[in-house]
Ligand SMILES: Nc1ncnc2c1ncn2[C@@H]1O[C@H](COP(=O)(O)OP(=O)(O)OP(=O)(O)O)[C@@H](O)[C@H]1O
Ligand SMILES: [Mg+2]
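Residue numbers (my numbering): 187 to 948.
In structure tokens form, the structure reads like this:
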């Protein structure tokens, strides 16, 4: 059924008086202070004011919110805004309130008193509210449906706006099953215009959104995806000596401007934050491992410029409206061009020159492939099979890989990926490939020479494995969207450790129990190795890209030294020589992992840094004392670089490597090395049962003594531990009220102080 044009016959259509563009502009000026509409804002506003449904595709930061905020100000009744994240609703509501616009949101985070007030207002004959933000789950509940129906019957429902509408499509990059629940709105309120807004939708997603919402004869508005004020650049991790230093130099040379750095894992966020703080860069980590109070503080500090750099997982972003973000860095490869566009699009929302820098690493690519291949959507897939979806996932991924591995214009690649045609002259040297074509080509040549580089090819990870991909699950990308029933506004599953553990534990064949699932995963690993023409490598067949450079070692020493310094500051009563202890710890990590390679080495350095950031004085002293005793017993007379302070009354000697016997026997494949690397996310107490094994070779060399460093478990041990942890946490969860935060990771204040659950300031 087509709708009447331009005004619908329903009550809503009759209510809104026609406003001229000039009048609408004056409302814009009066409430928001802007003198003119941007892009296609005016057309969208006029469309919904005339009673038409509208699908509005505008770039990130393009001003989509205005398309329903202005109608709310000129129409009678309430505009209902459906939004996927509580943080997003909170931000918009508080910003509207600060402008004197009556707006509220309903979510589990609201107090009962507040909720009651909102409901009373809605039930009154003349609600004062102009905008009501809700989650899709709430809209689907019968209680709220009844409330809306009442509001509608009284002629007080003016418009339904669906923000981030791509979330309704299984083909979209951020599908939320809860969005499917709003598909009945069109039927429920046939005479109320629906406005669907998104920044990221390829043609297939656009169609899917329109049909899923049953939009009737909608006005379709599409603005260009081009973000002319963003300079795009790719840096190649495998060609850099030290990525951390590169990032800090980038930030420093840009004048410590407001920035976001996206990482794949929580541990990487914490670790990089610490590094930046040591370099004097004001930074804070933000991820789902931090409790909501800490996250709010981090967000507030960043929004109000008290912190310049947020180092975050994908948990940070959607709807965050700081206009002057000058740099968005991707420390790891995103999963698709759409994600990359959304995330990099948080730069330069004020239209001023800004930068997107993506750090591309071959290991990152392998890791992401591993995750994507094994995580097809576990949620409802009403219109597509999981095979189709996983093919789509991989096709999306190959686009972002191509973006990084190609020497052609980056801007063109981004825009064309959304199906938009691009004029060859569009870029005007505003990406590295157009500005420095020779440099980019030569870097790509160097990258091709990196051993094991499978350029422009997506590897067949797990393709021929015995594990049926149907059993895998997407926890990582399609976040739990229980926004309306949970205190958490972001998923707990925003990092790879979760993803891998979920793949391994939750979704492998459940029948044979954990052991069977573990076996299946191990078979899959073998299949992967065979597909790559490898058996599990035996011995230390190192490839260059795995080797640990002197520069990396120096940087690691600095990190450890910084972490020791932080521990001293935090605890106040630590007595040891920082530099010497750092050298000692680094040497120990190096000795242990030089054969396995950079991944494990980095991981162990990070684990040690984390251990230092959360251990007590006794634990740290105990460890250093144990080390001293051990070396004294062993009688190793070495030129010790590490002296425990005089107050301890002992001269510290270097530690002995505690090479895990498992590890010494077998080198693991990279994927599993990565899985193991994620033990960084485990609590220190679980990581460090004292390892008494003594590496005889190292003892003969007299270079190192035994030390109570976190033991790296074998793969089987790691998975078993995860299984036990899950069992414990689920039984704990049963006995605990909802919403108790999980673990709080360290946050670095601007001054660089660490804390475990609270932001600390000196
Ligand atoms: N006409 C305008 N003139 C100037 N600034 C505007 C105008 N309209 C909106 N803005 C500002 O642009 C910024 C981005 O707006 P908004 O958050 O609505 O973007 P968006 O399109 O929803 O982006 P995203 O896709 O990232 O959610 C806001 O700070 C907003 O105040
Ligand atoms: Mg928006």
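All residues carry an ideal CB built from backbone N, CA and C; glycine is no exception.
Practice task
Report yes if the C-beta of residue 252 is less than 7 Å from at least one heavy atom of ligand 1; otherwise report no.
Solution key: In the chain shown, the residue the question calls residue 252 occupies position 66. Within the chosen limit of 7 Å, ligand 1 reaches the beta carbon of residue 252 through at least one heavy atom.
Problem - Ranges of the beta strand (DSSP E) found wholly within the stretch 427–508, counting only runs of at least 3 - result: The stretch 427–508 contains these whole beta strand (DSSP E) runs: 445–448, 469–472 and 495–498.
Practice task
Please list, in chain order, all residues of the same chain as residue 754 whose beta carbon is under 6 Å from its beta carbon, the five residues on each side excluded.
Solution key: Along the chain shown, one-based indexing puts residue 754 at 568. Hits under 6 Å: 760.
Handout entry: Proximity below 8 Å, CB of residue 351 to CB of residue 395
Key = Here the question's residue 351 lines up with position 165 in the chain shown. Here the question's residue 395 lines up with position 209 in the chain shown. In contact: residue 351 and residue 395 (Cβ atoms closer than 8 Å).
Problem - Cβ neighbour criterion (16 or more within 10 Å) applied to residue 758 - result: Residue mapping note: residue 758 aligns to position 572 of the chain shown, counting from 1. The residue in question, residue 758, is exposed, as its Cβ has fewer than 16 Cβ neighbours within 10 Å.
Practice task
Can you tell me the Cβ-Cβ gap for residue 604 and residue 260, rounded? I've got them flagged as a contact below 8 Å.
Solution key: Against the chain shown, residue 604 aligns to sequence position 418. Against the chain shown, residue 260 aligns to sequence position 74. Rounded, the Cβ-Cβ distance is 32 Å, inconsistent with contact.
Problem - Boundaries (first-last residue) of the beta strand (DSSP E) holding residue 158 - result: Given a span of 187 to 948 for the chain in the structure shown, any question on residue 158 remains unanswerable.
Handout entry: Buried/exposed call for residue 477, threshold 16 Cβ in 10 Å
Key = The sequence position of residue 477 within the chain shown is 291, counting from 1. The Cβ neighbour count for residue 477, taken over all protein chains shown within 10 Å, is at least 16; the residue is labelled buried.
Handout entry: Whole alpha helix (DSSP H) elements within the stretch 735–778, 4-residue minimum
Key = Here the runs fully enclosed are 736–757.
Handout entry: Rounded C-alpha distance that separates residue 257 from residue 536
Key = Here residue 257 is taken as the residue at index 71 of the chain shown, counted from 1. Here residue 536 is taken as the residue at index 350 of the chain shown, counted from 1. In this model, residue 257 and residue 536 are separated by some 23 Å (Cα to Cα).
Handout entry: residue 546 (DSSP reduced to helix, strand or coil)
Key = For the purposes of this step, residue 546 is taken as residue 360 along the chain shown, with counting starting at 1. DSSP places residue 546 in strand when its eight states are reduced to three.
Problem - Beta carbon of residue 768 nearer than 8 Å to that of residue 746 - result: As a working note, residue 768 is residue 582 in the chain shown. As a working note, residue 746 is residue 560 in the chain shown. At a Cβ-Cβ threshold of 8 Å, residue 768 and residue 746 count as neighbours.
Handout entry: Which listed residue (361, 436, 312 and 546) has its alpha carbon closest to that of residue 421
Key = Mapped onto the chain shown, residue 421 falls at position 235. With distances taken between CA atoms, residue 421 lies nearest to 546 out of 361, 436, 312 and 546.
Handout entry: C-beta contact flag for residue 784 and residue 733 at 8 Å
Key = As a first step, residue 784 is located in the chain shown; it is residue number 598 there, counting from the start. As a first step, residue 733 is located in the chain shown; it is residue number 547 there, counting from the start. Between residue 784 and residue 733, the C-beta gap is smaller than 8 Å, which places the two residues in contact.
Practice task
Return the bridge partner residues of residue 241 from the DSSP annotation.
Solution key: Indexing the chain shown from 1 puts residue 241 at position 55. Within the DSSP bridge table, the entry for residue 241 names 382 and 406 as partners.
Handout entry: Cross-strand partners of residue 516 (DSSP beta bridge)
Key = Within the chain shown, the letter at position 330 stands for residue 516. Paired residues: 448 and 544.
Problem - Burial state of residue 205 (16 or more Cβ within 10 Å) - result: As a working mapping, residue 205 is identified with position 19 in the chain shown. Its Cβ being crowded by 16 or more others within 10 Å, residue 205 is buried.
Handout entry: residue 430 Cβ short of 7 Å to ligand 4 heavy atom set
Key = As far as ligands go, the structure on display features ligand 1 and ligand 2 and does not contain ligand 4.
Exercise for the section: Starting from residue 279, follow the alpha helix (DSSP H) in both directions and report where the run begins and ends. Expected result: Position 93 of the chain shown, counted from the first residue, corresponds to residue 279. From DSSP, the alpha helix (DSSP H) with residue 279 extends over 272–284.
Practice task
May I have the straight-line CA-CA distance separating residue 245 from residue 411, to the nearest angstrom?
Solution key: As a first step, residue 245 is located in the chain shown; it is residue number 59 there, counting from the start. As a first step, residue 411 is located in the chain shown; it is residue number 225 there, counting from the start. Straight-line Cα distance between these residues: approximately 5 Å.
Problem - Reduced DSSP category for residue 368 - H, G, I as helix; E, B as strand; rest coil - result: Your numbering for residue 368 matches position 182 in the chain shown. Under the three-state reduction of DSSP output, residue 368 falls in the coil class, being neither helix nor strand.
Practice task
Enumerate in chain order the residues of its own chain whose CB-to-CB distance from residue 288 is below 6 Å, with the five nearest sequence positions on each side excluded.
Solution key: Counting from 1 along the chain shown, the entry for residue 288 is found at position 102. The beta carbon of residue 288 sits closer than 6 Å to those of 314, 315 and 316, all from its chain and outside the five residues before and after it, given in chain order.
Exercise for the section: Report buried or exposed for residue 300, applying the criterion of at least 16 other Cβ atoms within 10 angstroms of its Cβ. Expected result: The residue given as residue 300 occupies position 114 in the chain shown. Here residue 300 is exposed, its C-beta having fewer than 16 other C-beta atoms within 10 Å.
Problem - Through-space distance from residue 613 to residue 468, alpha-carbon basis - result: On the chain shown, position 282 is the one that residue 468 refers to. On the chain shown, position 427 is the one that residue 613 refers to. Going by the C-alpha atoms only, they are around 33 Å apart.
Handout entry: Contact between the stretch 436–450 and the stretch 504–522 (3+ Cβ pairs under 8 Å)
Key = At 8 Å Cβ cutoff, the stretches touch.
Handout entry: Residue interval of the alpha helix (DSSP H) (run including residue 254)
Key = For the purposes of this step, residue 254 is taken as residue 68 along the chain shown, with counting starting at 1. Counting along the chain, residue 254 sits inside the alpha helix (DSSP H) bounded by residues 252–260.
Handout entry: residue 320, enclosing alpha helix (DSSP H) - first and last residue
Key = Here residue 320 refers to the residue found at position 134 of the chain shown. Taken as a continuous stretch (DSSP letters only), residue 320 belongs to no alpha helix (DSSP H), being part of the beta strand (DSSP E) at 317–320.
Practice task
Give the C-beta separation of residue 365 and residue 354 to the nearest angstrom, bearing in mind that I take them to be a contact with Cβ-Cβ under 8 Å.
Solution key: Working through the chain shown from its first residue, we reach residue 365 at position 179. Working through the chain shown from its first residue, we reach residue 354 at position 168. Contact flag correct, Cβ pair sits at about 4 Å.
Handout entry: Span separating the alpha-carbon of residue 580 from that of residue 384
Key = The residue you call residue 580 lines up with position 394 of the chain shown. The residue you call residue 384 lines up with position 198 of the chain shown. Distance between the alpha carbons of residue 580 and residue 384: 23 Å.
Exercise for the section: Would you please state the rounded distance, in angstroms, between the beta carbons of residue 230 and residue 407? I believe it to be under 8 Å. Expected result: For the purposes of this step, residue 230 is identified with residue 44 of the chain shown, where counting begins at 1. For the purposes of this step, residue 407 is identified with residue 221 of the chain shown, where counting begins at 1. Between residue 230 and residue 407 a beta carbon distance of about 6 Å is seen, short of the 8 Å cut, so the two are scored as contacting.
Practice task
Flag residue 507 as yes when its Cβ comes closer than 7 Å to any non-hydrogen atom of ligand 1, and as no otherwise.
Solution key: The residue labelled residue 507 in the question sits at position 321 within the chain shown. Answer for residue 507: yes, Cβ within range of ligand 1.
Exercise for the section: Return yes when at least one heavy atom of ligand 1 lies under 7 Å from the C-beta of residue 347, else no. Expected result: Position 161 of the chain shown, counted from the start, is the residue given in the question as residue 347. Taken from the Cβ of residue 347, every heavy atom of ligand 1 lies 7 Å or farther away.
Practice task
Look up residue 234 in the DSSP assignment and say whether it is helix, strand or coil.
Solution key: Taking the chain shown and counting its residues from 1, the one referred to as residue 234 is at position 48. DSSP, read as helix, strand or coil, puts residue 234 in helix.
Exercise for the section: Tell me, please, whether the stretch 335–349 touches the stretch 366–375 by the rule of three or more beta-carbon pairs shorter than 8 Å. Expected result: Result yes; three or more Cβ-Cβ pairs closer than 8 Å.
Exercise for the section: Grab me the residues of residue 305's own chain with a C-beta within less than 8 Å of its C-beta, minus the 5 sequence neighbours each way, in chain order. Expected result: For this step, residue 305 is matched to residue 119 along the chain shown. Same-chain partners within the cutoff: 333.
Handout entry: Local Cβ density within 10 Å of residue 255, reported as buried at 16 or more and exposed below that
Key = Start at 1 with the first residue of the chain shown, and residue 255 comes out as number 69. Label assigned to residue 255: buried.
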